[in-house]
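Those sequence lines, one after another, are chains D and R.
Numbers 42 to 129, taken from our numbering, label the letters of the first sequence in order.
Numbers 3 to 587, taken from our numbering, label the letters of the second sequence in order.
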Amino acid sequence: MIEADLEVKNKDGLHIRAAALFVQIASKYKSNVTVIKDGNTANGRSILELLTLFAEQGSVLHIIVDGEDEKQLLDEIKELIEGNFEEG
Amino acid sequence: MEESPKETKVIKGIPASEGISIGKVFLIEEEEVAIISKKISKEQVKKEIARYNTALSEVKKEMESTREKMLNILGKQHTPLCDAYLGMLDDPLLNKDVIRRITEDNINAEYAIWTTLEKVIKSFDNIDDEYFRERKNDIQELGRRIINHLLGKQRRKITDAEKDSIIIAHNLNPTDTISLKEHKVGGFAINIGGRTSHIALIAEGLGIPAIVGLKNITSEVNNGDLVILDGNQGIIIINPDKQTLENYTRELEIQLREKEELEKLRNLPAETLDGYRVGLQCNIDTKEELSSVITSGAEGIGLFRTEFLYLNRQHLPSEDEQYEIYRDILQKTLPYSVTIRTLDLGGDKLAQFGLEEDMVFEESNPFLGLRAIRLCLKYPEKLFKPQLRAILRASVAGKVRIIFPMISSAEEFRQAKEIFEEVKTELRKENQPYDDTIEIGAMIEIPSAALTSDIIARDADFLSIGTNDLIQYTLAVDRLNENIAFMYEPLHLSILRLLKHIIDSAHKEGKPVAMCGEMAADMEFTKLLLGMGLNEFSVPVHMIPKIKKVIRTTTLKEAKELVREVLGAESRESMIKAFRKSKVV
């Protein structure tokens, strides 16, 4: 199991399209992803749950990845969040 | 009771896409479907789950075909919303929860969906953030769709609307939106939506008038009512009186004629009546804007601002990342050229990249501080060279020119050019191909550069005037300071003299002059700039046809005469009088 704290920096935060991209990535791997913000937990494969974290710009997500391909998955998530969800 | 003439009503919303449209209402009513909880027997559970799955896959199919159409008609930038919808249809929360509720609570599928989504939607209500609150609509829309399928209810389809109808709805879903494009409607007005809503962007892209955020327009109109949709002001006029209708009809005619006229100009050159041809190009910030540039009739990109590459991120963009973007833009702009402006940012914006730990980025006067070319020259290895290398490597893919921003002296320009030459030498050593004929220009936006432009023009292949900064620095006026904003005056004699001096000096050296500031895009100044001998206008894409029209309806002779009159005027009053006389708009 590995964990990381990542800050959401894009203007609109973890919005619907961003959440969809997150889920797309999470669904490619076998490991499970849990995203925690302010004590609320969301399944990394559920857009609806991710949305209800209301992670706006500047919020920090605690991400837990667990499974055989956890390292690659976390790397890809990091890239997604640090790359501002492909918003440029 | 006698029937009175229909009452005129004016309702104000948020303008989402400009233009005027007059037509009959095509109302898409959201029937408030009462979701009834029904107990099902244990034997029915399987059947109920199957019903749910069928409805789900039907909605999915619909959405996939919408996505396909969106991709083909509107382009890639509009598909993410469909992807998100598709993702939600596969959402484990939705599917597991719904099936669990059907199985364990023995309730019907409609009610199971409703209760599952209601839980999600409720949590949106406590959110302050406008953007997130708007997303609630997307989820509601999704639930409504699945439930409608379960109930066998079909939402009224835009494809059934008569031509030029005004669509009025609570919200438009992606399927509706794509029908807007395929099926000619006059425009639309909806209850919800704000400036950030996806639908607002799409309307603009489609070029049809639209108003959003009208709250409950759906209950104010009846199907078939005559309405005027004024997307410029964001108002909808229901059952207009005769006078209003006449006024708007006239305005609509003008609008249509203008549109047709501008359309005709697309493939015509930017040339005066007496045959003086200038370059007319676009200013862009991102490669997403390319498709509109290509269809606008612009002859390439006169200013590609590279700042967006550096903003909102933790690391400087790598050479390779920049290379990919530049190459893509160069290729797609062929046969025309792209003028790339090297980084034009203040040090404060770059502090996050940790360029130098002990560096003080707090400047008391950032506009007179370490920015643009000054910053690049201070950090040649970290900032300047990677960008120049990326541009040079991309240069073989198309036609590129480079401009250095905020040049204040000939020496500074030469210094920047030396680094450019160093980079070329490096690339040669590495056997990296590049275009050796790339032209290098200087942005003239500081009075010191304007006054010495005769010397700068010797070293530069072309000059590009940035009027916004030039005016600000010359007049010492910060236009964002509302107390003195009125003093920001492009029509100041000092500015006109500087412009004339810059253009004349460059022409003496046989070098062309471009302009990419707001003045180039202001139709009031087009004739004056033509008369001064400006060679290239670079403007926002929507101004291309308008500026072209001015150019094509004037003569160089008249334009030169105007310059003589304006610059030779004895007083400010007579200068302004001479200038106004030429007004075309």
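All C-beta atoms in this analysis are idealised placements derived from N, C-alpha and C, irrespective of residue type, glycine included.
Note that the coordinates shown come from a computational prediction; the quantities given were computed from them, not determined experimentally.
Going by beta carbons, LEU493 (chain R) and MET577 (chain R) fall inside the 9 Å limit.
With a 10 Å radius around the Cβ and a threshold of 16 neighbouring Cβ atoms, LYS551 (chain R) comes out buried. By the C-beta criterion, the segment 17 to 28 of chain R is judged to be in contact with the segment 212 to 232 of chain R, since at least 3 inter-stretch pairs fall below 8 Å. Around the beta carbon of THR308 (chain R), a 10 Å sphere encloses 16 or more other beta carbons of the protein chains shown; the residue is thus reported as buried. Secondary structure of ARG103 (chain R) (DSSP, three-state): helix. Each of R:LYS48, R:GLY154, R:TYR113 was checked against the Cα of GLU60 (chain R), and the nearest Cα belongs to R:GLY154.
Taking a C-beta distance under 9 Å as the contact criterion, LYS71 (chain R) and GLU164 (chain R) do not qualify as a contact pair. Within the segment 3 to 91 of chain R, the complete alpha helix (DSSP H) segments at least 4 residues long are 47 to 75, 82 to 91, listed from N- to C-terminus. For TYR312 (chain R), the closest C-alpha among the options R:SER298, R:ASP93, R:GLY349 is that of R:GLY349.
Membership of ARG376 (chain R) in the alpha helix (DSSP H) is indicated by the continuous run 374 to 380. Neighbours of LEU96 (chain R) in chain D, taken as residues whose beta carbon is under 7 Å from its own, are LEU89 in chain order.
Linking ARG147 (chain R) to ASP93 (chain R) through their CA atoms gives a straight-line distance of about 15 Å. No Cβ of chain R is located within less than 9 Å of the beta carbon of THR82 (chain D). For ASN84 (chain D), the secondary structure class from DSSP, reduced to helix, strand or coil, is strand. Neighbours of THR93 (chain D) in chain R, taken as residues whose beta carbon is under 7 Å from its own, are VAL122, SER125 in chain order. Annotated three-state conformation of VAL295 (chain R) is helix, per DSSP. Under the criterion of beta carbons closer than 8 Å, GLU44 (chain D) and ILE105 (chain D) qualify as touching, at roughly 5 Å.
Not one beta carbon of chain R lies nearer than 9 Å to the beta carbon of ILE66 (chain D). Proximity of ALA86 (chain R) to chain D, defined by a Cβ-Cβ separation below 9 Å, is satisfied. Proximity of the segment 243 to 262 of chain R to the segment 29 to 49 of chain R falls short of the contact definition, fewer than three beta-carbon pairs being nearer than 8 Å.
Between LYS419 (chain R) and the set R:THR344, R:LYS44, R:ILE160, R:LEU332, the nearest pair of CA atoms involves R:THR344. Unbroken alpha helix (DSSP H) stretches of 4 residues or longer found wholly inside the segment 133 to 198 of chain R: 176 to 184, given in chain order. Separation of ARG158 (chain R) and ILE192 (chain R) (C-alpha to C-alpha, rounded to the nearest whole angstrom) is 15 Å. The DSSP-derived three-state label of LEU569 (chain R) is helix. Under the three-state reduction of DSSP, THR556 (chain R) is assigned to coil, being neither helix nor strand. The C-beta of LEU121 (chain D) comes no closer than 9 Å to any C-beta of chain R. Chain D has a Cβ within less than 9 Å of the Cβ of PRO82 (chain R). Here GLN333 (chain R) has ALA399, GLY400 as same chain residues with Cβ atoms under 7 Å from its own Cβ, once five neighbours each way along the sequence are excluded.
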